[in-house]
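Structure first, commentary second.
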Amino acid sequence: MSMPPLTWQKSSYSNEGANCIYVAVAPGGTVHIRESDAPESLLTTRPDVLRTLISAIKAGQLVFG
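If you're matching positions, the sequence shown starts at 0 in numbering that gives the first Met the number 0 and goes up one per residue.
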């Protein structure tokens, strides 16, 4: 049994150029994230884990770069 195709939504924080982030939610609620430059590479997580990550980034608890 195959999984139905995912419906990808571009992040509202992505610009019109390259390096866009896309998100899709599978029927079971699993969240899939991919980057436009490497669409075959997926990050898969649960909504609660993604929410915690986003909150930490917004609070400045994670530093990138």
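Beta carbons: idealized from backbone N, C-alpha and C, even for Gly.
Computed from a predicted structure; not experimentally measured.
Mapping DSSP to helix, strand and coil, what is residue 33? strand
Output the boundary residues of the beta strand (DSSP E) element that contains residue 23. 20 to 24
Can the beta-carbon of residue 6 be found closer than 7 Å to that of residue 23? yes
Identity of the residue in 36, 31 and 54 nearest residue 18 by Cα: 36
Alpha helix (DSSP H) containing residue 50: first to last residue? 46 to 57
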